[in-house]
Amino acid sequence: MSGNREQFGSRLGFVLAAAGSAVGIGNLVGFPVGAAKNGGGAFLLMYAIFVFAICLPVMMAEMSVGRFAKKDPLGAYSSMTGNAKHWKLAGWLSIITPFMIAVFYLVITVWIFGYLVQSVMGNLDALANPETFGSFIQSPVLFAYMAIVLGVIYLILQGGVKEGIEKAAKVLMPALFFMLVLLVIFVLTRDNAMAGVKYYLIPDFSKINGNVINGALSQAFFSLSLGMGIMITYGSYIDSRSDLPGSAKMVALMDTAVAFAAGLMILPAIFSFNPDTDPSQLSESSIGMLFTFLPKIFLALQASIGYIGASIVASSFFLLIFFAAITSIVSIFEVPVAALMDEKNMKRKKALVLMGVLLVVLGSMSAVSFGMSDFFSAFTHYAGADKSFFDLVIDIFYDTILPLNGFLICIFVIYRWKKANFSAALSEGAQEYGNGWFAKYVNFSVGTFIPVILLVIFINTVAAKYFGVTLIG
Ligand code: PHE
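Here you go:
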């Protein structure tokens, strides 16, 4: 089976595909909003430390397990433990989690696609109306957009690893970098943009508290696509000659660079729209920022570059986010598809259709969670609040299970697979790795404080989310 396993054609292809997974809505919107509200440069600094000191070693753990086992996450946990029951459970979590995250990420991707289509069609003025978003997310036209987005995902994934995922990443990622740079240059040349740059880069450490630290770490973890079995799966498609630690570093670097650049695009845009803005007062969430605040800013550009100019900027922005979202959702959807192919010997296309149908059902349930269906909009009730189906999925899989999966992979590589094997696997294709300080740091951190931190986050989240008890924060 593993003899004819599909593979990425080149190391660059692998890095771009993994970076495509990592670079997503989290970097382009979540990070700038987090930085704007939580101390600018101070948040940035903390985020960068978390990416390199905590998330990078976890990413290396995931990639090395995948490459060693040459299997999907469930197959990897099972084959490397002689089918131990409790590790199989960890394997199951690593394929259910990405599927469920795809369920909510799909809905946001569909909204982005809708906004892209609308701005291309010249309807930016309607998008800038604060009422529009509320009615847009309740309109059945979403299902048409969903069909198109799913079609794009299918087209990419049916091509397989090299002809599908890698090819798409090689086109979409450079296009994304290019558009991002152009948009940053454009925004920085607006009036008052420098006030935003200052706000973004000058650290305000007084804003940092337990909650902000927790938020920055969760953001970094999600942003690097960890805890979702993705890096295990992508790792299973690379050969033992390529330098894995080096590739992981490149992915972390690209991911951080894109988040940083997104801040340089969004904060100055906010200030040039209104120089008196106090971004820490922005009550908006990432969703509010993306779908109500930013369209207003784009429309305001018509005073200087005309309506068509403003529409072009808005369309490029939504296209940029759409590319980022598509490469992420492709990576996440590949996980359950790979599991069906590996575990059930299913053909790629059949696995895609089966998982696709399931995604349509659950994706629709979360798409109608915003008023279209009363049942799914007030699906359940806990910790003193009504929760929609969409909220429930985010609470369980994004907030709760992701750190748990991170904890499990750390314990797995160090205490089950063992340090020496883990290090040896990472040294394949990177001989010097095993003798350097970095390997020592990775082994130490993955065996000690990283799982402890992830476990604390997990326990704290469970207490806060489901029992309304605040332990830390
Ligand atoms: N890394 C993505 C982001 O920052 C998160 C993600 C990856 C979401 C893969 C879904 C699938 O948005």
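This note's numbering applies: residue 1113 is where the sequence shown begins, and numbers increase by one.
All C-beta atoms, glycine included, are put in the ideal place defined by N, C-alpha and C.
Is there at least one non-hydrogen atom of the ligand PHE closer than 7 Å to the beta-carbon of residue i?
i            : result
residue 1150 : no
residue 1139 : yes
residue 1441 : yes
residue 1147 : no
residue 1546 : no
residue 1335 : yes
residue 1217 : yes
residue 1207 : no
residue 1136 : yes
residue 1399 : no
residue 1342 : yes
residue 1277 : no
residue 1489 : no
residue 1133 : yes
residue 1444 : yes
residue 1213 : yes
Looking at the unbroken alpha helix (DSSP H) that takes in residue i, where does it start and where does it end?
i            : result
residue 1462 : 1460-1479
residue 1379 : 1356-1385
residue 1408 : 1406-1412
residue 1282 : 1279-1300
residue 1123 : 1123-1134
residue 1242 : 1242-1248
residue 1266 : 1253-1270
residue 1237 : 1236-1239
residue 1489 : 1486-1489
Since residue i and residue j are thought to touch, with beta carbons under 8 Å apart, how far apart are those beta carbons, to the nearest angstrom?
i            : j            : result
residue 1349 : residue 1118 : 6 Å
residue 1518 : residue 1170 : 5 Å
residue 1482 : residue 1224 : Contact doesn't hold; Cβ gap of about 15 Å is too wide.
residue 1555 : residue 1530 : The Cβ separation is near 10 Å, so there is no contact.
residue 1251 : residue 1538 : Actually they do not touch by this definition, with Cβ atoms about 49 Å apart.
residue 1274 : residue 1128 : Not quite, the Cβ-Cβ distance comes to about 12 Å (not below 8 Å), so this is no contact.
residue 1148 : residue 1300 : So it is not a contact: roughly 16 Å between Cβ atoms.
residue 1217 : residue 1430 : Residue 1217 to residue 1430, Cβ: 16 Å. No contact.
residue 1100 : residue 1367 : Examination of residue 1100 is not possible in this model, given that the chain is present from 1113 through 1585 alone.
residue 1187 : residue 1540 : Actually they are not in contact, since the Cβ atoms of residue 1187 and residue 1540 sit about 20 Å apart, beyond 8 Å.
residue 1261 : residue 1221 : 6 Å
residue 1436 : residue 1167 : Residue 1436 to residue 1167, Cβ: 18 Å. No contact.
residue 1509 : residue 1137 : In fact, because the Cβ distance is near 16 Å, the residues do not count as touching under 8 Å.
residue 1449 : residue 1269 : 7 Å
residue 1133 : residue 1337 : 5 Å
Tell me which residue opens and which closes the beta strand (DSSP E) that residue i is part of.
i            : result
residue 1497 : 1497-1499
residue 1492 : 1492-1494
Within the present structure, is the beta-carbon of residue i separated from the nearest heavy atom of the ligand ADP by less than 7 Å?
i            : result
residue 1378 : Ligands in the displayed structure: the ligand PHE; the ligand ADP is not one of them.
If we cut at 8 Å on Cβ distances, does residue i have a partner in chain B?
i            : result
residue 1468 : Considering every chain present, this structure includes no chain B. It has just one protein chain.
Would you list, in sequence order, the uninterrupted alpha helix (DSSP H) runs of no fewer than 4 residues that lie entirely inside the segment 1139-1212? 1143-1149, 1153-1162, 1168-1181, 1185-1191
Using a Cβ distance threshold of 8 Å, determine whether the segment 1135-1145 contacts the segment 1365-1385, with at least three qualifying pairs required. yes
Start-end ranges of the alpha helix (DSSP H) lying completely within the segment 1304-1347, minimum 4 residues: 1305-1313, 1322-1335, 1342-1347
Check whether the segment 1199-1206 and the segment 1150-1169 are in contact - that is, three or more C-beta pairs closer than 8 Å. no
At 3 residues or longer, what runs of the beta strand (DSSP E) sit wholly inside the segment 1496-1532? 1497-1499
What alpha helix (DSSP H) runs, 4 residues minimum, are completely inside the segment 1535-1578? 1549-1559
If contact is defined by three or more beta carbon pairs under 8 Å, each pair taking one atom from either stretch, is the segment 1306-1320 in contact with the segment 1463-1477? no
Please confirm if the segment 1496-1504 is in contact with the segment 1519-1530, defined as three or more CB-CB distances below 8 Å between the two stretches. no
Is it a yes or a no for the segment 1250-1266 touching the segment 1291-1307, going by three-plus beta-carbon pairs under 8 Å? no
Between the segment 1391-1406 and the segment 1351-1359, are three or more C-beta pairs nearer than 8 Å? no
Using 8 Å as the Cβ pair cut-off and three pairs as the minimum, do the segment 1337-1347 and the segment 1380-1395 touch? no
Pairs of beta-carbons, one from the segment 1221-1240 and one from the segment 1416-1426, closer than 8 Å: are there three or more? yes
Looking at C-beta atoms only, is the number of pairs between the segment 1439-1447 and the segment 1331-1344 that lie closer than 8 Å three or more? yes
The segment 1324-1333 in contact with the segment 1569-1579 per 3-pair CB rule at 8 Å: yes
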